[in-house]
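J.:
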Ligand code: DOR
Ligand code: ZN
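In my numbering, the protein residues as written are 1 to 347.
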């Protein structure tokens, strides 16, 4: 008899769906595996107001494959001009689940993000008051700081001061990549959590740089050294409520990844659940995959767990995944974990 694993339908607490032709092509990949996802607002132009979020949600629902059971949870992109009253109204209307903080210049389409954190104090205070979560891209942009240190420095220079000044602010440290990030998340109370991506559980910086440069492993925050990857695996598989899945699945067409100045992002929506089952099995923690992928995130966001389940089945032969997805906006390479996958997601 083949081994199977049944868990509550997972959610993705950090996802890039893009817009237009790319949205149409990648949405089915997430909708097939996940019940809900926190949708990143870094479009061009970004999703800044409640009205923008409403319009973007409509476009997502129009692109939804027939029969899909997938709820996009919308976010607003925090700018220095964001109006606290607009944020509060969008929250009251049930339009948004979080606000996303990008330090200006930290990553893809982040130039409208925050330079001066004092300018967003009013919004953060309003969010603390109404219990709305701030999702944080935690990297400093100071060119003097080494790219591999930018997460750890952000915690000291920005995140900790902001949290001290704004008691009660609910914060998700998005895509943590370092042992410092894990330790900081653990030192917080119930108002602090961290998402971990699939790819950061399986690659370290050697995968990007040793033996040739591999642009499809380049993302932000960039993968760090092996000790950090091991810290992430320990945290993800610990079952602790503060750690949950946010894939950061971020499609870019190949011609912009395989480029002299390649875009950051790994597209993992297609095989994330198979990779996670592999990782959790390797760590002897298959019984904790449900907490990481299906339970902890919902609890943090104050949502009930999914009522439906999904099943993964361990096959004798590696399962076949498409290496590429054709989209109307170019070909997208599916993340290659570098090892065969035996856990198949059953539709
Ligand atoms: O690798 C990344 N890709 N990191 C981000 O923060 C943004 C994302 C994207 O939008 O492509
Ligand atoms: Zn992201």
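Ideal Cβ placement from N, Cα and C applies to all residues, glycine included.
Where does residue 2 land, buried or exposed, given buried means 16+ other C-beta within 10 angstroms?
T.: Classification of residue 2: exposed, given that the 10 Å Cβ count is below 16.
J.: State the beta-bridge partners of residue 326 as determined by DSSP.
T.: Per DSSP, 331.
J.: Do the stretch 167–183 and the stretch 132–143 touch if we need at least three Cβ pairs shorter than 8 Å?
T.: The stretch 167–183, when compared against the stretch 132–143, does touch it at the 8 Å Cβ threshold.
J.: Is it the case that the CB of residue 74 approaches a heavy atom of the ligand ZN more closely than 7 Å?
T.: Result no, Cβ not under 7 Å from the ligand ZN.
J.: Short check: CB of residue 128 to CB of residue 94, under 8 Å?
T.: No. Outside cutoff.
J.: Only counting the same chain, and skipping five residues up and downstream in sequence, which positions put a Cβ closer than 7 Å to that of residue 330?
T.: Here the set comprises 253, 254, 255.
J.: Thinking just about the alpha-carbon of each residue, which of 103, 319, 18, 44 is nearest to the one in residue 80?
T.: Minimum Cα distance to residue 80 is reached at 103.
J.: By Cβ distance below 6 Å, which residues in the same chain neighbour residue 277 in space, the five residues on each side in sequence not counted?
T.: Counting only Cβ-Cβ distances below 6 Å, and skipping sequence neighbours, we find 312, 343.
J.: Rounding to the nearest angstrom, what Cα-Cα distance links residue 341 and residue 161 in this structure?
T.: Looking at the two C-alpha atoms, the distance is approximately 42 Å.
J.: Could you give the DSSP three-state label for residue 14: helix, strand or coil?
T.: Residue state, collapsed to three classes: strand.
J.: With 16 other CB atoms within 10 Å as the buried threshold, where does residue 224 fall?
T.: Buried.
J.: So the candidates are 335, 67, 192, 308; which of them puts its Cα closest to the Cα of residue 214?
T.: Nearest of 335, 67, 192, 308 to residue 214, Cα basis: 335.
J.: Would the C-beta of residue 69 count as close to the ligand DOR, meaning under 7 Å from any of its heavy atoms?
T.: No.
J.: Apart from the five residues on each side of it in sequence, which residues of its chain come closer than 6 Å, Cβ to Cβ, to residue 207?
T.: Around residue 207: 217.
J.: Which runs of the beta strand (DSSP E) fall wholly inside the stretch 256–321 and span at least 3 residues, in chain order?
T.: List check, beta strand (DSSP E) in window: 309–314.
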